[in-house]
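Shown next, in structure tokens, is the structure this report addresses.
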Amino acid sequence: MTETKVAGQQIPDPALWVDEYGDYLYRYALQRTRSTQLAEDMVQETFLAALKSIDKFSGKSSVKTWLIGILKHKIIDHIRKNSRLQNVSEITGDDQTVDDFFDKSGHWKKMPSRWNANPSELLEQDEFWQVFEDCVGRLSNQQAEAFTLREIEDIKTDEICKVLNITPTNLWVSLHRARVRLRKCLEENWFNG
Amino acid sequence: MKLMISCKEAAEMMSEAQDQSLPFMRRMALKFHLSMCYGCRRYKKQLQIIRDLARGYLTGIERTKPPEARELPPETREKIKSALKNHHNH
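Chains as they are written, first to last, in my numbering: chain W, 1031 to 1223; chain Z, -13 to 76.
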């Protein structure tokens, strides 16, 4: 096996990267794009991009982290391109969705109930993830994207605005709606079930 | 800036506070409301739970998909390997 020494780290022959990291990158891409074809394309692009920029690999992070970083950027670029096709009606200031949860004086129509929730336990439960995914799936496209980028990918709000091509106010409205609706959906389908 | 806010306004502020610090007066108004409203106190806790869950989401998915759905298909694997080899040789 020929090894390349880059930034003081021994990294295996690029062809072996695919064996070593291919499945991991694929799972990550599949979860974010929900398309096997897209996920495969992105994994391939990621490996090629990594090969091209191998001299830029500083060695500060592990190879795995570095590759995931490249993949994340590919995914974000993909989202950005698709966001340009967003329905303009998505980006209105009306608060109708959130209004459904509050009465005229601004009180909760239905008070949030008590949750018996242990996040670290829930993380282990398949059934919970199914419910979580379904609930996120019920959000509007922009709300789901805003929520995912902010909460799952942990991307800063100003960068999300660039990716989705929306103003900070629009982002804030989308995040708020996403959170109110997601909370309700989880309450009805898991915590109160 | 009024000190008495509604639950609807409080929910807006709590969402905002998830991403940036609230200015002093708004923070005070929210604290005051929370001291009196158990529903909104629960909402605040639940927002954090959702955040914790979302952060663990990708790891959760790692564990729950069946093996077949988690692997790069063999043909794709080979295709990528040769693409890399071709690039490497140029």
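We treat Cβ as the ideally placed atom computed from N, Cα and C, and that holds for glycine.
Check for me: the alpha helix (DSSP H) holding PHE1132 (chain W) runs from which residue to which? For PHE1132 (chain W), no alpha helix (DSSP H) segment is defined, and its DSSP state is neither H nor E.
Please say whether GLU57 (chain Z) and TYR1056 (chain W) have beta carbons closer to each other than 8 Å? Their beta carbons are under 8 Å apart, which means TYR1056 (chain W) touches GLU57 (chain Z) by this criterion.
Is the stretch 1131 to 1138 of chain W touching the stretch 15 to 22 of chain Z in the sense that three or more CB pairs, one from each, lie closer than 8 Å? Judged by Cβ distances under 8 Å, the stretch 15 to 22 of chain Z makes no contact with the stretch 1131 to 1138 of chain W, as fewer than three pairs qualify.
How many Å lie between PHE1177 (chain W) and ASP1043 (chain W) at the Cα? Rounded to the nearest angstrom, the gap between the Cα atoms of PHE1177 (chain W) and ASP1043 (chain W) is 38 Å.
So that I know if they touch, is there some Cβ in chain W lying closer than 8 Å to that of HIS19 (chain Z)? Output row for HIS19 (chain Z): interface = no.
Residues in the same chain with beta-carbon distance under 6 Å from LEU1060 (chain W), minus the five sequence neighbours each way, listed in chain order, please. Within the same chain, LEU1060 (chain W) has close Cβ partners ALA1069.
Can a CB atom of chain W be found closer than 8 Å to the CB of ALA69 (chain Z)? With a threshold of 8 Å between beta carbons, ALA69 (chain Z) makes contact with chain W.
Is the Cβ of SER(-8) (chain Z) closer than 8 Å to any Cβ of chain W? For SER(-8) (chain Z), the answer is yes, since a Cβ of chain W falls inside 8 Å of its Cβ.
Tell me which residues share the same chain as LEU1216 (chain W) and place their Cβ nearer than 6 Å to its Cβ, disregarding the 5 neighbours each side in the sequence. Same-chain partners within the cutoff: CYS1165.
Go through its chain and collect everything with a Cβ distance to ASP5 (chain Z)'s Cβ below 8 Å, but skip five positions before and after it. Excluding positions up to five away in sequence, the list is empty.
Can you find a C-beta in chain Z that's less than 8 Å from the C-beta of ARG1110 (chain W)? For ARG1110 (chain W), no CB of chain Z lies under 8 Å from its own CB, so it is not counted at the interface with that chain.
For chain Z, find out if any of its Cβ atoms is closer than 8 Å to the Cβ of PRO1044 (chain W); answer yes or no. PRO1044 (chain W) counts as touching chain Z.
Let me know if GLY1099 (chain W) comes out buried or exposed under the rule of 16 or more other beta-carbons within 10 Å of its beta-carbon. That one is exposed.
By Cβ distance below 8 Å, which residues in the same chain neighbour GLU1075 (chain W) in space, the five residues on each side in sequence not counted? Taken in chain order, the residues that qualify are LYS1104.
Quick check: the stretch 1185 to 1202 of chain W against the stretch -11 to 8 of chain Z, are there 3 or more CB pairs under 8 Å? As far as the Cβ criterion goes, the stretch 1185 to 1202 of chain W touches the stretch -11 to 8 of chain Z, which means the pair count is three or higher.
Quick one: is PHE10 (chain Z) near chain W, going by C-beta distance under 8 Å? When Cβ-Cβ separations below 8 Å define contact, PHE10 (chain Z) makes no contact with chain W.
Residues of the stretch 1063 to 1081 of chain W in Cβ contact with chain Z at a cutoff of 7 Å, in chain order, please. Only GLU1070, VAL1073, GLN1074, PHE1077, LEU1078, LEU1081 from the stretch 1063 to 1081 of chain W bring a Cβ to less than 7 Å from some Cβ of chain Z.
Identify, in the order they occur along the chain, each residue of the same chain with its Cβ nearer than 8 Å to the Cβ of THR1066 (chain W), setting aside the five sequence neighbours on each side. Taken in chain order, the residues that qualify are LEU1060.
I want to see whether chain Z comes within less than 8 Å of TRP1096 (chain W), judged by CB atoms only; does it? Output row for TRP1096 (chain W): interface = no.
For a contact meaning CB atoms closer than 9 Å, what does LEU16 (chain Z) contact in chain W? From the beta-carbon of LEU16 (chain Z), no residue of chain W is found nearer than 9 Å; the closest lies around 14 Å away.
Measure the Cβ-Cβ separation of ALA(-4) (chain Z) and CYS26 (chain Z) and say whether it is below 8 Å. A distance below 8 Å separates the beta carbons of ALA(-4) (chain Z) and CYS26 (chain Z).
Roughly how many angstroms separate the alpha carbons of ASN1219 (chain W) and LYS1090 (chain W), rounded to a whole number? CA-to-CA, the gap between ASN1219 (chain W) and LYS1090 (chain W) works out to about 43 Å.
Under the rule that 16 or more other beta-carbon atoms within 10 Å means buried, what is MET22 (chain Z), buried or exposed? Classification of MET22 (chain Z): exposed, given that the 10 Å Cβ count is below 16.
Does any C-beta atom of chain Z lie closer than 8 Å to the C-beta of VAL1193 (chain W)? VAL1193 (chain W) does not count as touching chain Z.
Taking CB distances under 8 Å as the criterion, tell me whether ILE1196 (chain W) reaches chain Z. It does not; no Cβ of chain Z falls within 8 Å.
With 16 as the cutoff for other CB atoms within 10 Å, does THR1199 (chain W) come out buried or exposed? Looking at its Cβ environment, which holds fewer than 16 other Cβ atoms inside 10 Å, THR1199 (chain W) is exposed.
With 8 Å set as the bound, which would you pick, yes or no: does the beta-carbon of ARG40 (chain Z) sit closer than that to a beta-carbon of chain W? Note that residue 40 (chain Z) is Ala in the sequence shown here, rather than Arg. Taking Cβ atoms only, chain W reaches closer than 8 Å to ALA40 (chain Z), which makes this a yes.
Identity of the residue in W:LEU1152, W:SER1083, W:ASN1195 nearest TYR43 (chain Z) by Cα: Selected option, being the one with the closest Cα: W:LEU1152.
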